[in-house]
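Numbering (my numbering), first residue to last: 217 to 411. The beta-carbon is built from N, C-alpha and C at its ideal position, and this holds for glycine as well.
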Ligand code: ATP
Ligand code: MG
């Protein structure tokens with residue numbers, strides 16, 4: 217599962233656990249994105265903080281692991297490069313799934329070398345409140361073969377976004393019950409997202 221995780225929240229964790237359970241995945245690897253191509257121009261919290269919060273948030277689930285692999289690579293992070301690297305590492309006996317939310321699914325066709333990517337990995341897409349996915353548009357782009365690698369799951373829909381969490385902290389509002397306590401503590405200890 218990739219993401220900016222700025223910060224990681226219960227929306228991310230809950231969908232990852234649902235995907236793991238529904239697809240009986242052996243493990244879920246959380247890979248914080250170094251420089252997401254679609255967020256190049258935005259201010260992103262330093263990698264070390266996003267990585268630490270991801271470690272803290274996932275430590276209580278024995279199926280959850282974290283990889284800093286995208287931080288160790290030069291340049292922009294493309295999911296295709298990450299999938300190639302993971303395929304090389306784990307070999308042909310391992311099937312890879314990439315977990316995304318509905319908003320990511322909706323613009324999957326815009327991703328770097330999307331057609332090639334969808335051949336190499338299965339996507340598990342969770343619903344997200346307020347997001348409608350235009351399946352016809354995706355179908356037209358990926359065709360039946362590509363669509364066979366995109367799986368929608370039914371999972372709890374949590375209306376939480378990192379953007380809203382950053383705004384809440386900035387405004388001095390509570391983020392309790394939206395992120396794990398360890399993440400909340402880390403944010404306040406490191407004085408993240410303050411004006
Ligand atoms: P931001 O507001 O900064 O974009 P975000 O909450 O969307 O943050 P990301 O790190 O951008 O979180 O998302 C990583 C992945 O998790 C994406 O595929 C996104 O669609 C998915 N995701 C994030 N939050 C939710 C949620 N509440 N429900 C379903 N999917 C989600
Ligand atoms: Mg997002």
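With a minimum length of 3 residues, the unbroken runs of beta strand (DSSP E) contained wholly in the region 346-408 fall at 366-369. Using a Cβ-Cβ distance cut-off of 8 Å, the region 244-251 and the region 285-294 are in contact, since at least three pairs of beta carbons, one from each stretch, lie closer than that value. With a cut-off of 8 Å, the C-beta of residue 319 is classified as near the ligand MG, since at least one heavy atom of the ligand falls inside that distance. Counting along the chain, residue 335 sits inside the alpha helix (DSSP H) bounded by residues 330-336.
Separation of residue 335 and residue 292 (C-alpha to C-alpha, rounded to the nearest whole angstrom) is 21 Å. Cβ-Cβ separation between residue 369 and residue 260: approximately 28 Å, too far for a contact (criterion under 8 Å). Taking residue 409 as the centre and dropping the five residues before and after it, the same chain places the C-beta of 382, 385 and 386 closer than 6 Å to its C-beta, in chain order. For residue 280, the enclosing beta strand (DSSP E) begins and ends at 280-282. Classified as exposed, residue 352 has fewer than 16 neighbouring CB atoms from the shown chains inside 10 Å of its CB.
In the DSSP annotation of this structure, the continuous segment of the alpha helix (DSSP H) that includes residue 296 starts and ends at 295-306. Here the distance from the Cβ of residue 293 to the nearest heavy atom of the ligand MG is not below 8 Å. Taking 8 Å as the cut-off, one finds at least one heavy atom of the ligand MG near enough to the beta carbon of residue 379.
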